[in-house]
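In terms of the numbering used here, the first sequence is residues 116 to 524.
Positions of the beta carbon are idealized from the N, C-alpha and C atoms, including for glycine.
As the structure is a computational prediction, the values presented were derived from the model and not from experiment.
Worksheet: one structure, shown below.
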Amino acid sequence: MSNYQSSLLRLLDERGYIHQVTDAAALDALAAKQVVPGYIGFDATAPSLHIGSLVQIMMLRRLQQTGHKPIVLMGGGTTRIGDPTGRDESRKMLSDETIDANIASIRTIFSRLLAFGDGPTDAVMVNNHDWLGKLGYIQLLQEVGTHFTVNRMLTFDSVRLRLEREQPMTFLEFNYMILQGYDYRHLAKNMGVRLQMGGSDQWGNIVNGIELGRRMDGTELFGLTTPLLTTADGSKMGKTAAGAVWLNEDALPAWDFWQYWRNCDDRDVGRFLRLFTDLPLDEIARLESLEGGEINAAKVVLANEVTRLCRGGDAARTAEATAQATFAGGGLGADLPVLAVPAGGITVVDALVGIGFAASRGEAKRLIAGGGARLDGEVVTDEHRTVDPSGGEVRISSGKKKHGVLRPA
RNA sequence: GGACAGGUGGCCGAGUGGUUAAAGGCAGCAGACUGUAAAUCUGCCCGCGCAAGCGUACGCUAGUUCGAAUCUAGCCCUGUCCA
């Protein structure tokens with residue numbers, strides 16, 4: 116829509132990352148003339164981020180692609196408090212060891228998508244525990260507390276919504292926004308950071324940091340948020356029945372990761388291609404315009420590209436080959452889950468539970484009763500039926516999408 | 001510390017002594033239709049069991065009762081107001 120001078124804003128704009136910017140013109144001018152160090156904060160509540168954070172990660176990648184410096188801020192300190200943003204209730208406290216282990220684990224995904232190092236545009240990862248941990252309470256109140264009015268803090272969505280919904284908010288959580296604001300000011304002062312990015316729900320927190328930087332140091336800082344990413348059916352990205360779609364390999368197999376993208380809604384394809392792949396825009400426009408069943412080809416490209424970025428080229432190729440063999444060929448692929456069956460065979464019920472297609476025996480039986488269980492493509496109608504793959508691998512399926520391999524132990 | 005209102009299955013939310021494994025909605029799973037999409041319709045949706053049935057479950061604990069998610073007491077937690 117706008118004619119940006121800087122390649123950074125142009126790229127972010129074209130690809131649909133921008134929801135709000137504090138002062139787009141000034142930021143554009145800055146990015147056009149110098150390297151802008153920009154950061155995004157991430158929580159360390161789990162050993163892996165999920166695809167709900169992928170937009171943010173990709174935004175750091177875009178920052179680097181356009182010649183700027185991405186800074187990954189791990190919330191080692193703020194995770195000890197818990198972000199009240201969003202409707203979650205208070206978060207359980209995590210031990211220091213857990214948080215540190217989580218940060219180390221989360222780092223793996225960043226090293227795939229960003230180039231780390233000491234150069235001017237190399238990515239760096241910092242942990243806010245390093246400075247927040249040293250901050251004394253009195254010092255915090257004096258330095259930072261004076262710049263926040265409670266009046267204003269109470270108007271922030273993160274606080275207001277809790278109060279309106281009559282849900283508790285502890286004083287601890289209430290302080291979160293102060294610390295997050297302080298992060299920005301700290302990074303600005305010590306690393307020359309000028310830009311903070313984040314999801315649209317972080318707008319208030321980001322603006323707080325900008326204010327704080329201006330009041331304490333007189334520095335002009337910028338903020339940019341991404342639109343809240345939902346899938347076309349309105350649900351939040353990254354959450355499926357089976358759980359979150361984790362970015363780390365050890366948290367979610369590449370096959371399931373690939374399948375997530377392959378199964379996305381038709382309406383999401385173009386948007387996702389722009390946000391989550393490096394494909395050129397004209398190529399995306401072509402893929403996006405495919406009609407009817409043709410759009411499936413675009414979904415395969417999407418799945419391949421995202422998997423390649425997040426999991427590596429081998430993972431993407433194997434997943435695609437598995438999909439081809441399994442869905443088009445009705446056969447078996449290397450990525451399918453495998454269950455080793457002891458000699459003599461087992462019941463179909465046990466096989467379904469064993470391979471993870473059913474959470475309990477009862478659920479497996481219901482699946483069979485509903486006609487959703489198949490062996491080598493043939494519907495299983497008898498819940499007492501047994502399988503013995505000793506004569507050759509057997510394909511076991513739950514519904515049309517979940518397939519697995521039964522193999523002799 | 002006091003008064004009042006609350007704490008029900010993944011979530012929301014009915015239910016105030018038995019017919020309640022607990023209405024309804026959402027989410028989820030499967031079937032039909034399709035394109036590994038969406039929408040729609042249908043079935044399922046605590047665990048074990050072939051089944052009859054058994055075991056768990058309505059904040060926690062102890063009671064009353066033939067029988068409790070529902071009544072009583074104590075405790076824990078949350079909100080609102082008062083101090």
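Please report how far the alpha carbon of residue i lies from the alpha carbon of residue j, in whole angstroms.
i	j	result
residue 489	residue 418	26 Å
residue 518	residue 487	12 Å
residue 240	residue 397	33 Å
residue 361	residue 375	11 Å
residue 178	residue 243	21 Å
residue 182	residue 248	32 Å
residue 481	residue 220	38 Å
residue 201	residue 316	In this prediction, residue 201 has a pLDDT of 46, which is less than 50 and means its spatial position is unreliable; what the coordinates show is noted afterwards. In a straight line, the C-alpha of residue 201 is about 8 Å away from that of residue 316.
residue 210	residue 170	28 Å
residue 538	residue 172	Absent from the model: residue 538. The displayed extent of the chain is 116 to 524, so no value can be given.
residue 414	residue 384	7 Å
residue 364	residue 434	13 Å
residue 253	residue 472	55 Å
residue 268	residue 257	17 Å
residue 494	residue 377	25 Å
residue 511	residue 491	6 Å
residue 441	residue 134	40 Å
residue 484	residue 516	18 Å
Please work out which residues of its chain come closer than 6 Å, Cβ to Cβ, to residue i, disregarding the five sequence neighbours upstream and downstream, and give them in chain order.
i	result
residue 327	262, 296 and 300
residue 259	293 and 297
residue 122	181
residue 203	With a pLDDT of only 44 at residue 203, under 50, the local geometry of the prediction cannot be trusted, and no value is derived from it.
DSSP state of residue i, grouped into three classes?
i	result
residue 210	coil
residue 411	helix
residue 263	coil
residue 301	helix
residue 515	coil
residue 295	helix
residue 335	coil
residue 132	coil
residue 493	strand
residue 453	strand
residue 225	helix
residue 203	Any answer about residue 203 is weak, because its pLDDT of 44 lies below 50 and its placement is not dependable; what the coordinates show is given next. It is coil, neither helix nor strand.
residue 534	No answer is possible for residue 534: it lies beyond the span of the chain, which begins at 116 and ends at 524.
residue 244	helix
residue 186	strand
residue 424	helix
residue 310	strand
residue 119	coil
residue 236	coil
residue 360	coil
residue 502	strand
residue 416	helix
residue 137	coil
residue 509	strand
residue 156	strand
residue 461	strand
residue 437	helix
Look at residue i and residue j and say whether their C-beta atoms are less than 7 Å apart.
i	j	result
residue 469	residue 447	no
residue 390	residue 399	no
residue 313	residue 155	yes
residue 127	residue 175	no
residue 307	residue 152	yes
residue 405	residue 466	no
residue 340	residue 318	yes
residue 271	residue 310	no
residue 529	residue 194	No statement about residue 529 is possible, as the shown extent of the chain runs from 116 to 524 and does not include it.
residue 463	residue 476	no
residue 393	residue 346	no
residue 120	residue 138	no
Leaving out the 5 sequence neighbours to the left and right, which residues in its chain are closer than 8 Å to residue i when beta-carbon positions are compared?
i	result
residue 216	162
residue 231	225, 237, 238, 239 and 240
residue 554	Residue numbering for the chain in the displayed model covers 116 to 524; residue 554 lies beyond these limits and cannot be assessed.
residue 150	182, 183, 184, 235 and 236
residue 420	388, 391, 392, 393, 394 and 431
CB-CB under 7 Å to residue i, same chain, minus the five flanking residues each way: which ones, in chain order?
i	result
residue 437	370, 448, 449, 450 and 451
residue 460	501, 502 and 503
residue 218	159, 189, 191 and 242
residue 222	240
residue 410	381 and 384
residue 145	151 and 309
residue 508	447, 520, 521 and 522
Between residue i and the ligand FAD, is the CB less than 6 Å from at least one heavy atom?
i	result
residue 235	This structure lacks the ligand FAD, and indeed carries no ligand of any kind.
Tell me, please, whether the segment 421-434 touches the segment 149-165 by the rule of three or more beta-carbon pairs shorter than 8 Å. no
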